[in-house]
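Each residue of the sequence shown is one higher than the one before, starting from 319 at the first, in the working numbering.
Built from N, CA and C at the ideal position, the CB exists for glycine as well.
Please read the structure below before turning to the comments.
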Amino acid sequence: MAAQSEKAAWLLSSAGRRGSLVTLLQKQPMHGARSRVIATDRSELSAAGRLADAFELVPSVRDAAFIPRTLEIARKHDVGVIIPTIDPEIEVYANHRDEFSAHGIDVWVSSPEVSRLGWDKWSLYRWLREQGLPTVETFEVSDLPSGGLQGPVVAKPRSGSSGIGVMLAESFDMLGVQNLDESYIVQSRAPGFEVTVDFAVGRSGRVLAIVPRRRIEVRGGEVSKGVTVDYPAVIEVAREVAARLPGAYGALNVQVFYDPSTGEINIIEINPRFGGGYPLAHLAGANFFDALLRDGRGEHVPELEWDAGTLLLRYDTEVIVSGFDTRSLDA
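This is the structure in structure tokens:
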């Protein structure tokens, strides 16, 4: 990876509603001075884009022009670090990381293999089993056991995100599996409650921070109420995941179900990106931005400390834009 030059801007890709990330990044100096935050999105109706210092439109991540256009914007604004935020773009950036590195731009994204594990839940299940890591029974719709699964079950798209398409049932018979297409997987429902563990991994693969947070309430697939929790067994499982992922880099999170009455832990998903609830870890004292920047400069970064019992309660607010050209809505 090329040495990062004295660049002074962040690029938040597919910024969408991530206004909290924009405001946190604006407070995070990149090289000793206040940083500028450049937001990109395919839609001009991005609240986070309007909060940024500059906002640029890009084509869909599935468009061949996405990477060239993003690189053009990054060079124009003297960007030093790109932070991807949505699942569909993670592997795209992973496959083109060297193109940005050649221009002194660091993309905080893991290897293509890790990206695929985050996107494909069936591949993740097989990898977890191969690694001997704890997870629930999982089957493809086309290969379900003849007697079904015992107890409560979950069906979800193999490559879904944000909780879209997830179905819960108290028994296999109630699931209506005959109505599911082959893009679905079916899982036993894990006991306990959900904990998301944010973690940061440096260039050498060393863990820089691990912060578990209990998801109290979720809206639209993203945490709306949560609290940092000190569960040593959960932290150690996340540490094991981080150590075994082939080419983990940047910010990631692992979602687990934890049953404190039995100590049972089951890994459900891995997201190789900043999670929507990352601001909670940051405000509890674990500044991933600073740790990854310092690690990128070759500094030794001790694993970050943080405060358990930090509570996040989100609420709705507004971003007002004056002089908006409504003709764009008619296009």
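- Residue state for Val-376 is assigned as coil, using DSSP reduced to three classes.
- Leaving aside the five residues that flank Gly-510 on each side, the residues in its chain whose CB is nearer than 6 angstroms to its CB run, in chain order, Phe-575, Tyr-576 and Asp-577.
- The residues Lys-439, Gly-483, Val-484, Met-485, Tyr-502, Ile-503 and Gln-505, in chain order, have a CB closer than 8 angstroms to that of Lys-474 in the same chain once the five nearest residues on each side in sequence are set aside.
- If you look at Trp-437, you'll find it in the alpha helix (DSSP H) that goes 430-437.
- Counted as a single uninterrupted DSSP element, the alpha helix (DSSP H) harbouring Asp-405 occupies residues 405-413.
- In the DSSP assignment, Asp-608 falls within the alpha helix (DSSP H) that extends over 606-614.
- The alpha-carbon separation between Phe-384 and Pro-377 amounts to approximately 5 angstroms.
- Residue environment analysis places Met-348 among the buried positions, since at least 16 neighbouring C-beta atoms fall within 10 angstroms of its C-beta.
- By the neighbour-count definition (other C-beta atoms within 10 Å, threshold 16), Ile-638 is an exposed residue.
- Between the alpha carbons of Arg-352 and Gln-346 lies a gap of roughly 7 angstroms.
- In summary, Phe-642 is exposed, with fewer than 16 beta-carbon neighbours lying within 10 Å of its beta-carbon over all protein chains present.
- When the five nearest sequence neighbours on each side are left out, the beta carbons in the same chain lying within less than 7 angstroms of the beta carbon of Ala-602 are those of Val-529, Thr-546, Trp-624, Asp-625 and Thr-628, in order along the chain.
- When the five nearest sequence neighbours on each side are left out, the beta carbons in the same chain lying within less than 8 angstroms of the beta carbon of Gln-468 are those of Phe-490 and Ser-506, in order along the chain.
- Under the three-state reduction of DSSP output, Gln-496 falls in the helix class.
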